[in-house]
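Colleague:
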Amino acid sequence: MSFNIVIDPRYPCDSVHQLFDREELFKKAQITSTLISDQFSVEKTVPGEVFLQQDSRHEFCSYLAYLGKYEKDKVSSVALAGLSESFGRLKDSMKPSASLPDSAAPGGPCIAGELRLFVNTDGDLYPCERVSETSEAMKIGNLRDGFDLSKVDRLINVAQDTAENCKNCWAFRHCMLCCAQSDNCGELSADLRSSQCSKVRAQVEEKFRDYLWMREFGVPYDIMN
Ligand code: SF4
Ligand code: SF4
């Protein structure tokens, strides 16, 4: 069984971590967590001071536990699972390869509908809970008629909108942009996608720094290599 928690960072998060540590139901479950997406909300979710302190403490304790400097039993299972997932992604993305394949998408967005299919109360289908339910571009079918494969195809291949830039981008393998970030009120926009490239490249640089310091501090090689 798996649970995906969507956390609202405006509020303290200790009680969420404690719930998943305390309840028997969650002990053997696979837990993933993410922050609420405010991309399409008028009201923005600015993280609260208490949330930031508590979240940083959980993350710091998880790093210490991975380095063998703190008992894993004392660390939040939600935080440990989050760090383990991010190690896994980092490990995959840092695998050396001689060249890029003949055909590929930057970073590898999901196959829309295959990974985290989301169904709204009208039975309409969307790639996941992080896209806008009011966007026609994101609607990939409904329960009665099934998937609209042309829409799925369009979302999977959203990077074709910025193909020339992507082919020459050093962050190609690490780019996290997907169809959700191209959604400009119901239409996929290449300009909107391109406007986020410098932020993506800054995040990738941060990821490289994390990789280097973790290797320097001796995070076990079976995790990092
Ligand atoms: S956020 Fe993007 S890549 Fe992730 S599941 Fe949703 S549509 Fe797919
Ligand atoms: S950062 Fe921009 S140019 Fe680079 S791969 Fe991602 S979308 Fe393409």
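Following the working numbering, the numbering of the sequence shown begins with 392 at its first residue and continues without gaps.
We put the CB at the ideal spot given by N, CA and C, even for glycine.
1) Compute the Euclidean distance between the alpha carbons of Ser494 and Val407, then round it to the nearest angstrom.
2) Please indicate yes or no: does the CB of Thr553 lie closer than 7 Å to some heavy atom of ligand 2?
3) Taking only runs of the alpha helix (DSSP H) that begin and end inside the stretch 537 to 581, which ones reach a length of at least 4 residues, in chain order?
4) Could you check the C-alpha separation between Glu596 and Ala562 for me, to the nearest Å?
5) What are the boundary residues of the beta strand (DSSP E) that includes Asp515?
6) Is Phe563 near ligand 2, judged by its Cβ being under 7 Å from some heavy atom?
7) What is the C-beta distance between Lys463 and Leu474, in whole angstroms, given that I count them as a contact (C-beta under 8 Å)?
8) Measure the C-alpha to C-alpha separation of Glu461 and Leu455 and round it to an integer number of angstroms.
9) Taking only the alpha-carbon atoms, compute the straight-line gap between Gln409 and Val510 and give it to the nearest angstrom.
10) So, with DSSP's three-state summary, where would you put Val433?
11) Just to confirm my understanding: we take Asn575, look at its own chain, exclude 5 residues before and 5 after, and list those with CB closer than 7 Å. What are they?
12) Please tell me whether Phe442 and Ala420 are closer than 8 Å, where the distance is taken between their beta carbons.
13) Let me know the secondary structure DSSP gives Met615 once reduced to three states.
14) Would you report the Cα separation of Met615 and Lys558, rounded to the nearest angstrom?
15) Would the beta-carbon of Tyr517 fall within 8 Å of that of Ile531?
16) Helix or strand or just coil, what does DSSP make of Gln409?
17) Looking at the structure shown, is Gly479 part of a helix, part of a strand, or coil, going by DSSP?
18) Gln444 bridges to which residues according to DSSP?
19) Going by C-alpha to C-alpha distance, which of Glu527, Glu520 and Pro497 sits closest to Thr553?
20) For Pro403, does the three-state DSSP call read helix, strand or coil?
21) With H, G and I counted as helix, E and B as strand and the rest as coil, what does DSSP make of Val397?
22) Report the rounded CA-to-CA distance for Val522 versus Val543, giving the unit in angstroms.
23) For the alpha helix (DSSP H) holding Leu603, just list the boundary residues, first then last.
24) Check each candidate in Val466, Gly504 and Ser488 and name the one with the smallest Cα separation from Phe411.
Modeller: The answer reads as follows:
1) To locate residue 494, count along the sequence shown from 1; it is residue 103. To locate residue 407, count along the sequence shown from 1; it is residue 16. Distance between the alpha carbons of Ser494 and Val407 is about 42 Å.
2) Residue numbering aside, residue 553 sits at position 162 when the sequence shown is read from its first letter. At least one heavy atom of ligand 2 is nearer than 7 Å to the Cβ of Thr553, so yes.
3) Fully contained in the stretch 537 to 581 are the following alpha helix (DSSP H) runs of length 4 or more, in chain order: 540 to 547 and 554 to 558.
4) Locating residue 596 in the sequence shown gives position 205, where the first residue counts as 1. Locating residue 562 in the sequence shown gives position 171, where the first residue counts as 1. Going from the Cα of Glu596 to the Cα of Ala562 covers about 9 Å.
5) In the sequence shown, counting from the first residue as 1, residue 515 sits at position 124. Where Asp515 is concerned, the enclosing beta strand (DSSP E) stretches over Asp515 to Tyr517.
6) As a position in the sequence shown, residue 563 is number 172, starting the count at 1. Annotation for Phe563 indicates a beta carbon within 7 Å of some heavy atom of ligand 2.
7) Counting from 1 along the sequence shown, the entry for residue 463 is found at position 72. Counting from 1 along the sequence shown, the entry for residue 474 is found at position 83. Contact flag wrong, Cβ pair sits at about 11 Å.
8) Counting from one through the sequence shown, the residue named residue 461 turns up at place 70. Counting from one through the sequence shown, the residue named residue 455 turns up at place 64. Checking the sequence shown, residue 461 turns out to be Tyr, not Glu. The straight-line gap from Cα to Cα measures roughly 5 Å.
9) Here residue 409 refers to the residue found at position 18 of the sequence shown. Here residue 510 refers to the residue found at position 119 of the sequence shown. Looking at the two C-alpha atoms, the distance is approximately 29 Å.
10) The count along the sequence shown starts at 1 and reaches residue 433 at position 42. Here Val433 sits in coil by DSSP.
11) Locating residue 575 in the sequence shown gives position 184, where the first residue counts as 1. Counting only Cβ-Cβ distances below 7 Å, and skipping sequence neighbours, we find Leu583.
12) Counting from 1 along the sequence shown, the entry for residue 442 is found at position 51. Counting from 1 along the sequence shown, the entry for residue 420 is found at position 29. Going by C-beta atoms, Phe442 is not nearer than 8 Å to Ala420.
13) Numbered from its first residue, the sequence shown carries residue 615 at position 224. Residue placement at Met615 is flagged as unreliable, the pLDDT there being 49, under the threshold of 50; the coordinate-derived value follows with that caveat. It is helical.
14) By 1-based counting over the sequence shown, the position of residue 615 is 224. By 1-based counting over the sequence shown, the position of residue 558 is 167. Note that Met615 scores 49 on pLDDT, short of 50, meaning its location in the model is unreliable and no value can be drawn from it.
15) Against the sequence shown, residue 517 aligns to sequence position 126. Against the sequence shown, residue 531 aligns to sequence position 140. For Tyr517 and Ile531, yes; Cβs fall inside 8 Å.
16) Taking the first residue of the sequence shown as 1, we reach residue 409 at position 18. It is helical.
17) Position 88 of the sequence shown holds residue 479. In this structure, Gly479 counts as helix in the three-state DSSP scheme.
18) To locate residue 444, count along the sequence shown from 1; it is residue 53. Paired residues: none, contrary to the question.
19) Here residue 553 refers to the residue found at position 162 of the sequence shown. When only C-alpha atoms are compared, the closest one is Pro497.
20) For the purposes of this step, residue 403 is taken as the residue at position 12 of the sequence shown. Pro403: coil per DSSP, three-state reduction.
21) By one-based count along the sequence shown, residue 397 stands at place 6. Val397 falls in the strand class under three-state DSSP.
22) Residue numbering aside, residue 522 sits at position 131 when the sequence shown is read from its first letter. Residue numbering aside, residue 543 sits at position 152 when the sequence shown is read from its first letter. The C-alpha of Val522 lies about 14 Å from the C-alpha of Val543.
23) Here residue 603 refers to the residue found at position 212 of the sequence shown. Note, Leu603: alpha helix (DSSP H), Cys588 to Glu607.
24) Taking the sequence shown and counting its residues from 1, the one referred to as residue 411 is at position 20. Per the Cα distances, Val466.
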